[in-house]
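Following: one structure in structure tokens, then a few remarks.
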Amino acid sequence: MAARGYGAYFNNRIGHGLGLDFHEIPSIHGGNTQVVQPGHIFTIEPGIYLPAIGGVRIEDDICVHSDGKVEVLTTYPKQLRRL
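Under our numbering, the first residue of the sequence shown carries the number 72, and numbering increases by one thereafter.
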């Protein structure tokens, strides 16, 4: 996002763990060095917020299986629809 000029408008972490409390560890952001482990379920939800215009956030929920394979649990389409 920074390479496209939106770095100043991306003001939240990239994602977080999902669990009973919803916002759980790991906190997914550039300063976190924690390695994602099998069994982790987390979000990837980048967002851009432009003052006086609005913003958008797209969320995917991710599961890391015991064999290390990653599954994207979110199936909702991401194509922009003009109404």
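Think of the CB as a built atom: it goes at the ideal place given N, C-alpha and C, for glycine as much as any other residue.
Closest residue to residue i among the options (Cα-Cα distance)
i: E130; options: N83, L121, P122 and I124; result: N83
i: G86; options: G76, I115, A74 and Y147; result: I115
i: N103; options: G88, V143, P148 and F93; result: G88
i: Y77; options: V141, K140, D132 and P117; result: P117
N-terminal and C-terminal residue of the beta strand (DSSP E) that residue i is part of
i: Y120; result: G118 to L121
Does the stretch 132 to 148 come into contact with the stretch 117 to 124, if we say contact requires no fewer than three beta-carbon pairs (one atom in each stretch) closer than 8 Å?
no
Considering only residues of the stretch 80 to 139, which uninterrupted beta strand (DSSP E) runs meet the minimum length of 3 residues and lie entirely inside it, listed in chain order?
86 to 88, 95 to 99, 112 to 115, 118 to 121, 125 to 128 and 131 to 135
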